[in-house]
Structures are given as structure tokens and as C-alpha cells.
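J.: My questions all concern the structure below.
2 protein chains.
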Amino acid sequence: MTEFGFIDSIVRLFGNMPTNGFEGIGDDCAVLPIGGGESLVFTADLVVEDIHFLRRAASAYEVGRKSLAVNLSDVAAMGVRPIATILSVALPEDAAEEWAGEFMRGYHSMSEEYGVALIGGDTTRSAGGITINVTAIGRGPSGQIKRRSAGQVGDIIFVGDFLGASGAGLRDILQGHTDTPQAVIHRNPTPQIHEGAWLGARSEVHAMMDISDGIASDLRHILDTSHVGAEVDIDRIPVAAGATLKDAACGGEDYKLLFSVAADHAGQLAEDFLLRFHHPIHPIGRITASASLQWLRNAAPIKLDWKGFTHY
Amino acid sequence: MTEFGFIDSIVRLFGNMPTNGFEGIGDDCAVLPIGGGESLVFTADLVVEDIHFLRRAASAYEVGRKSLAVNLSDVAAMGVRPIATILSVALPEDAAEEWAGEFMRGYHSMSEEYGVALIGGDTTRSAGGITINVTAIGRGPSGQIKRRSAGQVGDIIFVGDFLGASGAGLRDILQGHTDTPQAVIHRNPTPQIHEGAWLGARSEVHAMMDISDGIASDLRHILDTSHVGAEVDIDRIPVAAGATLKDAACGGEDYKLLFSVAADHAGQLAEDFLLRFHHPIHPIGRITASASLQWLRNAAPIKLDWKGFTHY
């Protein structure tokens with residue numbers, strides 16, 4: 001069973017259950033309106049030794065920061081600010097002391113950077129490797145929350161930063177080159193936390209999500225749930241230094257934002273963003289009424305068999 | 313480093329951080345007042361193969377139910393109703409199909425029993441054993457939330473049901489007797505979910521928590537945080553069938569409620585509880601102004617070196 005197959009079976013199994021005020025599964029986070037025009041959002045991610053990281057290729061400090069980063073990125077992709085996390089760690093004997101301490105210092109350093117509280121969790125022994133689960137909670141105005149399903153025909157599609165460095169870095173690590181600049185970026189992603197909440201406050205931003213499996217895969221989630229298609233100009237995909245175009249389109253774990261913006265306001269938004277964050281956002285295409293994702297090169301359609309990155 | 317040592321170091325590390333509206337660590341759950349006189353509560357527990365369960369001694373269905381039960385018990389201990397969970401599962405190849413399906417059926421069956429939504433989570437491969445993390449969310453009137461620190465001198469101390477069956481069952485399982493009634497109870501705890509919310513609504517109930525490590529250990533958390541002592545009459549500890557008195561006082565994983573009640577209202581509360589739930593609650597002692605936990609036999613002090621159950 002693939003990850004998506006398992007999740008589909010869970011969605012079916014729980015289809016008849018009360019939602020208790022939560023909105024349905026399908027976005028980066030679940031949403032709970034709490035009154036007063038506000039909502040909370042919730043997400044969780046597992047980080048497993050020998051699946052998501054190798055102890056010999058990543059420091060405990062880096063694993064601590066990245067475990068938090070991937071969750072904060074999901075909250076930011078909803079357009080709101082992360083406020084707290086709940087952390088669970090299963091530790092084998094040989095990681096219970098020094099590794100655990102360094103891990104917590106990394107986790108704390110990123111929590112501090114974004115003002116995120118640690119409100120609870122669990123620690124236990126592990127008979128195998130290290131397993132980490134982070135549950136992140138965000139909070140913001142309900143009207144600010146961005147969903148994958150909100151893409152509209154004519155919207156300009158943007159990505160929030162250069163892409164592909166993380167995928168290139170993973171390739172380096174698997175080839176034994178753990179010290180390349182891209183390998184360092186793979187282990188130390190910088191999610192767009194402040195950018196997410198800022199974009200959330202702009203009503204011209206329609207659909208939003210974070211890029212964890214590459215735009216070739218992730219953009220399809222926006223298209224499918226919004227019942228639209230898209231044209232993406234591959235010459236306009238911003239490729240990070242040291243990465244290939246395919247890394248940028250299909251590499252995993254960039255943790256940058258992907259969002260669609262009303263065409264009339266796209267230019268102004270891009271200007272305002274640059275002024276606020278001192279780096280540009282990048283238009284890569286537009287949403288169409290077709291049902292498919294069409295790649296373009298020099299404005300002409302081309303066929304590409306690009307798929308996203310799969311962990312599982 | 314012990315579990316408590318690691319948690320203490322985390323509390324120190326995060327001591328200077330913003331709380332973002334959450335109340336401090338130290339109860340079964342973290343609490344977030346959300347306005348309108350309501351609060352949410354949050355808790356998380358890891359369930360790890362070969363630490364918390366053996367695949368040969370517990371069915372996947374049972375592990376699914378118990379993973380949820382231990383978290384719902386923490387929510388109930390705060391005096392409010394569980395509304396949702398977030399589930400993360402790391403699965404080795406040989407558990408990805410049949411085991412995972414049975415696990416989810418068990419998880420679903422208990423979710424359904426208590427009307428608890430599943431709002432998100434993560435699934436991934438594991439290079440070692442099975443690891444499960446459940447984050448549970450409860451919701452209720454802020455004034456109804458029960459804290460460990462609310463014990464008052466003179467309160468009667470109650471337990472919500474007979475104790476010790478789970479501890480006796482664990483001993484049976486470790487001796488290879490996986491089919492005794494107590495072993496079945498160990499794998500299938502029945503947390504006091506409805507009881508917790510009902511007791512939450514009673515203002516004469518002061519401190520409350522759930523018994524996961526035995527009253528000899530757990531009662532001390534109430535005493536320490538309430539800055540009080542207690543006398544406990546060991547003849548009044550309700551010992552479950554097949555368990556010893558020591559199992560009942562020191563055995564782990566009973567997941568029954570432990571709470572203190574204003575003495576003037578204790579009799580009426582016990583009557584009302586019996587009428588509502590058709591089984592009694594059990595007074596075992598009272599809170600004193602001393603700083604220690606004093607065991608009594610036939611109303612006379614006795615010295616006992618009883619400690620709680622330790623997983624880690």
C-alpha cells in the first residue's frame with residue numbers, strides 16, 4: 001500500500017464520522033474555526049531515522065531544526081502564523097543523551113526564531129532507530145486561510161523562492177558528498193514562515209500550499225482540488241544555484257510556497273513582497289480552464305514526463 | 313537521561329519562550345483558552361513496538377484501540393470531551409498492509425465509540441519497528457478544566473474504578489500467558505471518557521488526573537503541584553479481580569481517574585456518579601496539610617516503599 005493508498009483508505013473509513021467543527025482533510029493543515037473570526041490550523045509530520053535522515057550525514061542539531069521546519073512550513077502554507085508545537089521523540093539508548101540534547105538545542109533555536117511555543121509531547125525509548133513526530137498549531141483570522149482548492153482560472157501561479165537546491169543536495173548526500181552547499185541546504189531548509197502569514201493577509205492570493213514533493217507533483221493538488229488546469233512556462237521556473245531544471249520541478253523538500261494570485265493584482269503583490277522581504281517571488285505560469293497541467297517552452301507546449309518526489 | 317530528566321531539560325530550555333496563550337506544562341494536557349468561555353486541551357503519546365507492545369502478544373486491532381485510549385484518557389482527566397485526534401504511523405514493510413488495515417479498524421472503532429474525529433496525520437515507512445504517535449484535542453468550558461494543582465486540604469481522594477488488572481496482565485504477558493483475563497484488560501484498557509467530562513462539570517471536584525503509572529506515583533503529582541500531603545488507607549484501595557494490592561497501587565496503565573473532592577460534597581457526588589454510570593467511585597483517603605504521602609492500614613500509619621511503574 002502506498003502512502004496515498006493508506007490515507008485514502010483512512011478517509012473512507014472515517015467518512016461517516018462527526019467532524020466536531022473541523023474542516024475536511026485535503027490541505028496542508030486541518031482547520032478549526034474557534035469563534036471571534038479566528039481559526040486554528042493543525043498539521044503533523046513524522047521524521048524517521050534512515051528514511052528521512054541518516055545519523056552519519058546530519059547533525060542532531062540539524063535534525064532538530066528540520067523536524068520543526070517542515071511542520072512550520074505547512075502552517076505557513078495556510079496563510080497563518082505558527083503558535084505552538086507538540087513534540088514526541090522515541091530514542092534508542094545510544095541517542096538518549098548527547099544526541100537528544102543537541103536535537104533539542106536545534107529544535108529550540110528554530111522555535112525561538114519564529115516565536116513558537118513548545119506546549120507538550122512525549123519521550124520514550126525506542127528498540128530501533130530515532131523517530132520524531134511534530135504536531136504544529138497555527139492561528140489566524142479565518143478569512144485569511146488559504147486552501148489548495150481556491151485556485152481560479154486566470155490566476156498567475158507564483159513560487160516563493162528559487163527551487164531545486166534541496167533535491168540536488170539529497171543527490172549529493174546519497175553519493176557521499178555531504179558538504180556541498182546544496183547538501184547543507186537539504187539538511188537546513190528555510191521555510192517561508194513570515195512570507196506565508198503575509199501572503200495570507202492578501203485577499204488577491206487565492207490557492208496556496210508548500211512545495212515538499214516538487215511543483216510537478218504539488219501543483220497538481222491545487223489543480224485537482226480547484227477543478228482547473230494550468231500552463232507552466234519551464235523557462236520561468238527559478239532554478240537554485242547548483243540545481244538542474246528537473247531538480248527545481250521534481251526535487252523534494254524545498255519547503256517554499258506555491259500560490260496563485262488574481263492576475264489584476266499580481267504585479268502589485270510582487271512589488272510589495274519584494275519591498276517587504278527583499279527577495280522576489282517568481283511567476284511561472286497561469287491557471288487555465290483546461291483539466292490538465294501543460295508545460296510550455298518558449299511559449300510552445302512541450303510534453304514532459306515529470307513526476308514529483310516520493311518518500312514512500 | 314531518564315524521561316523526566318529529559319523533560320526537565322526541555323522545560324528549562326523553553327523557559328524564556330512566549331506561551332502564545334497556552335498554559336504551562338505540568339498537567340495531562342496543555343490548555344488553550346479560545347474565548348467564549350471555552351478552552352481546547354492538547355496531549356500526545358508515542359506507542360512504540362517492543363517498548364509498549366509486542367506484535368506477537370497484541371493484535372493490530374488492539375494496538376489501534378489502545379493507542380487512542382491512552383490519549384483520550386489524558387483528555388478526560390482534564391474534565392473535558394475529546395473531539396479530535398491527529399495520527400502518525402511509521403510502518404516497516406511487513407506491517408504496511410494487513411497490520412496497518414487492522415490497526416486502523418481498531419483505531420476507528422474506538423474513535424466511533426466516543427465520537428472523536430480524525431483530522432490529519434502522517435504515514436511513512438520505518439526502517440525499524442512500528443511507531444505510532446497520537447495527538448488528541450479536547451474541548452470544553454474553561455471553568456470545567458481540572459488541574460493536578462487544585463487539590464485542597466480536607467478533600468476526599470477518589471479513584472474511578474478498580475485498579476491493578478492491567479499491571480497484573482502485563483506480568484502475565486511477560487511470563488508468556490497472553491490469554492488471561494488480566495492480559496486482555498492490559499491490551500484493551502477502558503478509559504473513563506464520559507466519566508471525565510461528567511466529573512469536569514462538577515465544581516466540587518478539585519484536582520484530577522488519570523492513573524497511568526499507579527497511584528503510588530501519580531498521586532504524588534497532585535500532592536507536589538497542590539503543595540499538600542495525603543493519607544491513603546490501603547485497605548480501601550479497590551483491587552481488581554486477579555490483581556494484588558501492590559498491582560493496584562504501583563501497577564501501570566490502568567487509565568482510570570484519580571481525583572479529589574470537597575469533603576462536604578463527596579457523598580452526594582458518589583451517589584450521583586453511581587446513578588449515572590452504574591458503578592461506584594472509591595474513596596481511598598484524604599488530602600492533608602502535611603508535605604508527604606502517608607499510607608494507613610486499619611487507620612494506623614505504616615511505612616511502604618511503593619513506587620510507580622516506569623516505562624523508561
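Residue numbers (this note's numbering), protein chains in the order written: chain A, 1 to 312; chain B, 313 to 624. Yeah, the Cβ is synthetic: ideal placement off N, Cα and C, and Gly gets one too.
Can you give me the Cβ contacts of Phe474 (chain B) inside the same chain, cut-off strictly under 6 Å, excluding the 5 residues immediately before and after it?
T.: Here residue 474 (chain B) is taken as the residue at index 162 of the second sequence, counted from 1. Within the same chain, Phe474 (chain B) has close Cβ partners Pro550, Ala552.
J.: If you follow the beta strand (DSSP E) that Ala230 (chain A) is in, where does it begin and where does it stop?
T.: Walking along the first sequence from the start, residue 230 (chain A) turns up at place 230. Ala230 (chain A) -> beta strand (DSSP E) spans 229 to 233.
J.: Quick check on Glu98 (chain A): buried or exposed, where buried means 16 or more other Cβ atoms within 10 Å of its Cβ?
T.: Counted from its first residue, the first sequence places residue 98 (chain A) at position 98. Looking at its Cβ environment, which holds fewer than 16 other Cβ atoms inside 10 Å, Glu98 (chain A) is exposed.
J.: Evaluate Glu583 (chain B) with the Cβ neighbour count: other Cβ atoms within 10 Å of its Cβ, from every protein chain shown; 16 or more gives buried, anything less gives exposed.
T.: Position 271 of the second sequence, counting from 1, holds the residue named residue 583 (chain B). Glu583 (chain B) comes out exposed.
J.: Taking a contact to mean a Cβ-Cβ separation below 7 Å, would you say Gly285 (chain A) touches Ala230 (chain A) in this structure?
T.: The residue given as residue 285 (chain A) occupies position 285 in the first sequence. The residue given as residue 230 (chain A) occupies position 230 in the first sequence. Yes, these two residues count as a Cβ contact at 7 Å.
J.: DSSP has Ile599 (chain B) in a bridge; who is on the other side?
T.: Counting from one through the second sequence, the residue named residue 599 (chain B) turns up at place 287. In DSSP, Ile599 (chain B) forms a bridge with B:Ala542.
J.: What first and last residue would you give for the alpha helix (DSSP H) that runs through Pro181 (chain A)?
T.: By 1-based counting over the first sequence, the position of residue 181 (chain A) is 181. Looking at the DSSP string, the run of the alpha helix (DSSP H) that includes Pro181 (chain A) is 181 to 187.
J.: I believe Asp28 (chain A) touches Met78 (chain A) by the beta-carbon criterion, under 8 Å. Please report the beta-carbon distance rounded to the nearest angstrom.
T.: One-based indexing of the first sequence puts residue 28 (chain A) at position 28. One-based indexing of the first sequence puts residue 78 (chain A) at position 78. Confirmed, about 6 Å.
J.: Give me the residue from A:Phe42, A:Ser292, A:Ile34, A:Gly21 with the minimum Cα distance to Ser226 (chain A).
T.: Taking the first sequence and counting its residues from 1, the one referred to as residue 226 (chain A) is at position 226. Comparing Cα-Cα distances from Ser226 (chain A) to each of A:Phe42, A:Ser292, A:Ile34, A:Gly21, the minimum goes to A:Ser292.
J.: Are the region 355 to 365 of chain B and the region 117 to 136 of chain A in contact at 8 Å, needing three or more beta carbon pairs?
T.: Yes: the two stretches touch, three or more of their Cβ pairs being nearer than 8 Å.
J.: Is the number of C-beta pairs between the region 35 to 42 of chain A and the region 158 to 178 of chain A that are closer than 8 Å three or more?
T.: Output reads no: the region 158 to 178 of chain A does not touch the region 35 to 42 of chain A.
J.: Given a threshold of 16 other Cβ atoms within 10 Å of its Cβ, counted over all protein chains shown, does Arg187 (chain A) qualify as buried or as exposed?
T.: Residue mapping note: residue 187 (chain A) aligns to position 187 of the first sequence, counting from 1. Result: buried.
J.: Please classify Leu72 (chain A) as buried or exposed, where buried requires at least 16 other C-beta atoms within 10 Å of its C-beta.
T.: As a first step, residue 72 (chain A) is located in the first sequence; it is residue number 72 there, counting from the start. Leu72 (chain A) should be labelled buried.
J.: Along the region 419 to 453 of chain B, where does the CB come closer than 7 Å to a CB of chain A? Name the residues.
T.: Against chain A - using a Cβ distance shorter than 7 Å - the residues of the region 419 to 453 of chain B are His420, Ser423, Glu424, Gly427, Ala429, Leu430, Ile431, Gly432, Gly433, Asp434, Thr435, Thr436, Arg437, Ser438, Ala439, Gly440, Gly441, Thr443, Asn445, Thr447.
J.: Thr43 (chain A) versus chain B: which residues are under 7 Å apart at the beta carbon?
T.: The count along the first sequence starts at 1 and reaches residue 43 (chain A) at position 43. Going along chain B in sequence order, the residues near Thr43 (chain A) (Cβ under 7 Å) are Gly432.
J.: Give the C-beta separation of Tyr255 (chain A) and Ser217 (chain A) to the nearest angstrom, bearing in mind that I take them to be a contact with Cβ-Cβ under 8 Å.
T.: Translated into the one-based positions of the first sequence, residue 255 (chain A) becomes position 255. Translated into the one-based positions of the first sequence, residue 217 (chain A) becomes position 217. Between Ser217 (chain A) and Tyr255 (chain A) the Cβ distance is about 14 Å, and since that is not below 8 Å, they are no contact.
J.: Quick check: what's the CA-CA separation for Phe53 (chain A) versus Val323 (chain B)?
T.: Taking the first residue of the first sequence as position 1, residue 53 (chain A) is located at position 53. Taking the first residue of the second sequence as position 1, residue 323 (chain B) is located at position 11. So the alpha carbons of these two residues sit roughly 26 Å apart.
J.: Chain A partners of Ala396 (chain B), CB-CB under 7 Å?
T.: Mapped onto the second sequence, residue 396 (chain B) falls at position 84. Neighbours of Ala396 (chain B) on chain A, chain order: Asn20, Phe22.
J.: What is the rounded straight-line gap between the Cα of Phe325 (chain B) and the Cα of Asp224 (chain A)?
T.: Indexing the second sequence from 1 puts residue 325 (chain B) at position 13. Indexing the first sequence from 1 puts residue 224 (chain A) at position 224. Rather than Phe, the amino acid found at residue 325 (chain B) in this sequence is Leu. Taking the straight line joining both Cα atoms gives about 43 Å.
J.: Can you check which of these residues, A:Gly26, A:Ile157, A:Asn298, A:His177, is closest to Phe259 (chain A) by C-alpha distance?
T.: By 1-based counting over the first sequence, the position of residue 259 (chain A) is 259. Cα-wise, what sits closest to Phe259 (chain A) is A:Ile157.
J.: I'd like the span of the beta strand (DSSP E) that includes His206 (chain A), first residue to last.
T.: Locating residue 206 (chain A) in the first sequence gives position 206, counting from the first residue. From DSSP, the beta strand (DSSP E) with His206 (chain A) extends over 205 to 211.
J.: State the start and end residues of the unbroken beta strand (DSSP E) segment that holds His31 (chain A).
T.: If you number the first sequence from 1, residue 31 (chain A) lands on position 31. It is worth fixing the name first, because residue 31 (chain A) is Val in this sequence and not His. Start and end: 30 to 35.
J.: Taking buried to mean at least 16 other C-beta atoms within 10 Å of its own C-beta, is Gln268 (chain A) buried or exposed?
T.: Taking the first residue of the first sequence as position 1, residue 268 (chain A) is located at position 268. Exposed, by the Cβ-count rule.
J.: Using a 10 Å radius around the Cβ and a threshold of 16 neighbouring Cβ atoms, would you call Asn445 (chain B) buried or exposed?
T.: Along the second sequence, one-based indexing puts residue 445 (chain B) at 133. By the 10 Å Cβ count, Asn445 (chain B) comes out buried.
J.: Per DSSP, what kind of secondary structure is Val392 (chain B) in: helix, strand or coil?
T.: Here the question's residue 392 (chain B) lines up with position 80 in the second sequence. Three-state result, Val392 (chain B): coil.
J.: Quick one: what's Gln263 (chain B) bridged to in DSSP?
T.: The question about residue 263 (chain B) has no answer, for chain B in this structure spans 313 to 624.
J.: Can a CB atom of chain A be found closer than 7 Å to the CB of Asp566 (chain B)?
T.: Counted from its first residue, the second sequence places residue 566 (chain B) at position 254. Output row for Asp566 (chain B): interface = no.
J.: How big is the Cα-Cα spacing for Asn298 (chain A) and Asp235 (chain A)?
T.: As a first step, residue 298 (chain A) is located in the first sequence; it is residue number 298 there, counting from the start. As a first step, residue 235 (chain A) is located in the first sequence; it is residue number 235 there, counting from the start. Asn298 (chain A) and Asp235 (chain A): Cα-Cα distance of roughly 7 Å.
J.: Quick one: does Ile10 (chain A) have its CB under 7 Å from some CB of chain B?
T.: Taking the first sequence and counting its residues from 1, one reaches residue 10 (chain A) at position 10. For Ile10 (chain A), the answer is yes, since a Cβ of chain B falls inside 7 Å of its Cβ.
J.: Give the single residue among B:Gly508, B:Gly476, B:Pro404 whose Cα lies nearest to the Cα of Arg367 (chain B).
T.: The count along the second sequence starts at 1 and reaches residue 367 (chain B) at position 55. Closest by alpha carbon: B:Pro404.
J.: Expressed to the nearest angstrom, what Euclidean distance is found between the alpha-carbon atoms of Ala248 (chain A) and Val159 (chain A)?
T.: In the first sequence, residue 248 (chain A) corresponds to position 248, counting from 1. In the first sequence, residue 159 (chain A) corresponds to position 159, counting from 1. Roughly 11 Å between the two C-alpha positions.
J.: Name the two residues that bound the continuous beta strand (DSSP E) containing Glu38 (chain A).
T.: Working through the first sequence from its first residue, we reach residue 38 (chain A) at position 38. That run of the beta strand (DSSP E) goes 38 to 48.
J.: Does any C-beta atom of chain A lie closer than 7 Å to the C-beta of Ala555 (chain B)?
T.: On the second sequence, residue 555 (chain B) is found 243 positions in, with the first residue counted as 1. Not closer than 7 Å to any Cβ of chain A, the Cβ of Ala555 (chain B) fails to qualify, so no.
J.: Below 6 Å CB to CB, which residues in the same chain sit around Ala575 (chain B) once its five sequence neighbours on both sides are set aside?
T.: By 1-based counting over the second sequence, the position of residue 575 (chain B) is 263. Taken in chain order, the residues that qualify are Gly466, Ile468.
J.: Please compile the residues from chain B whose C-beta is within a distance smaller than 9 Å of the C-beta of Leu72 (chain A).
T.: By one-based count along the first sequence, residue 72 (chain A) stands at place 72. None at all; the shortest Cβ gap to chain B is about 13 Å.
J.: Return the first residue and the last residue of the beta strand (DSSP E) that Lys568 (chain B) is part of.
T.: Working through the second sequence from its first residue, we reach residue 568 (chain B) at position 256. Per DSSP, Lys568 (chain B) belongs to the beta strand (DSSP E) from 568 to 573.
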